[in-house]
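Enquirer: Residue numbers (this note's numbering): 29 to 144.
By construction, the Cβ of each residue, glycine as well, lies at the ideal position given by its N, Cα and C atoms.
As the structure is a prediction and not an experimental result, all values here were calculated from the model.
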């Protein structure tokens, strides 16, 4: 009886993984769904103190390996933190996600995503 329960639990786990990780949603022909749930950000940020501009490597603020899949929410948290260290925080970059690529602009510590 315990083997039937274990096998049923394993089958349910495998089915859940297949449905969530490998089955494409309608209209998404050439994508692997396992990787479309996240976005990554590539951005150049600079901070200004007393009129002196300094380039900031925001990826150095993360532990090794965690800097590659930064979402826009995490980027805003980093910008908020940098706002406590610098008088002004500015930058430009892009966000890659399942729908394509969007521009990212940071002006005076405020992030905007999109093409406006």
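Across which residues does DSSP place residue 140 in a beta bridge pair?
Expert: Paired residues: 133.
Enquirer: Along the chain, where does the alpha helix (DSSP H) that runs through residue 75 open and close?
Expert: Segment 68–77 is the beta strand (DSSP E) holding residue 75; no alpha helix (DSSP H) there.
Enquirer: Going by DSSP, which residues form a beta bridge with residue 82?
Expert: Its beta-bridge partners are 75.
Enquirer: Figure out for me which residue from 104, 111, 129 has the closest Cα to the Cα of residue 140.
Expert: Per the Cα distances, 104.
Enquirer: Compare the beta carbon distance of residue 73 and residue 119 with 7 Å and say whether it is the shorter of the two.
Expert: For residue 73 and residue 119, yes; Cβs fall inside 7 Å.
Enquirer: For residue 42, is the classification buried or exposed, using 16 other Cβ atoms within 10 angstroms of its Cβ as the cut-off for buried?
Expert: It is exposed - the Cβ of residue 42 has fewer than 16 other Cβ atoms within 10 Å.
Enquirer: Does the Cβ-Cβ distance between residue 70 and residue 33 come in under 7 Å?
Expert: The answer is no: Cβ separation not under 7 Å.
Enquirer: Just tell me which of 124, 127, 84 has its CA closest to the CA of residue 106.
Expert: Taking only the C-alpha atoms, the option nearest residue 106 is 84.
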